[in-house]
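> Next up is a structure, given as structure tokens.
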Amino acid sequence: MIDAKIIDDLANKMSQIIPPELKNKHAEMQQQFKQLLQAQLGKMDLVTREEFDIQTKVLQKTRAQLQQMEKQLAELELSQQNKPD
């Protein structure tokens, strides 16, 4: 999920572009922007950079293990082929 501070910052920036005649509604509109952003970003199933980096490391480790196992399997298959019956 997106950091709440980022959502707050976006909502604040959006509320800053409100025309001057609506400035008395600034706090209310900022809250509405915040709720809208949270709802829409929540539907997008986003992950944080930290979560992404963790999964990248897990994938790299898993890929290395798979390559090692493939190498071992190839060696076992070769030894079985070379073994007299």
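So the mapping is simple: the numbering used here equals the position in the sequence shown, first residue as 1, plus 1134.
Every residue gets a Cβ at the ideal spot worked out from N, C-alpha and C, and that includes glycine.
1) Using 8 angstroms as the threshold, is the segment 1164-1174 in touch with the segment 1145-1156, meaning 3 or more CB pairs across them?
2) Does the beta-carbon distance from Ala1145 to Leu1171 come in below 8 angstroms?
3) Whole alpha helix (DSSP H) runs in the segment 1138-1206 with 4 or more residues, listed along the chain?
4) Taking just the CA atoms, how far does Gln1206 sit from Gln1214?
5) With Asp1142 and Lys1168 assumed to form a contact (beta carbons below 8 angstroms), what rounded beta-carbon distance in angstroms separates them?
Taking the coordinates as given:
1) yes
2) yes
3) 1138-1150 and 1160-1177
4) Our two residues, Gln1214 and Gln1206, have alpha carbons roughly 12 angstroms apart in a direct line.
5) About 7 angstroms separates the two Cβ atoms, so the contact holds.
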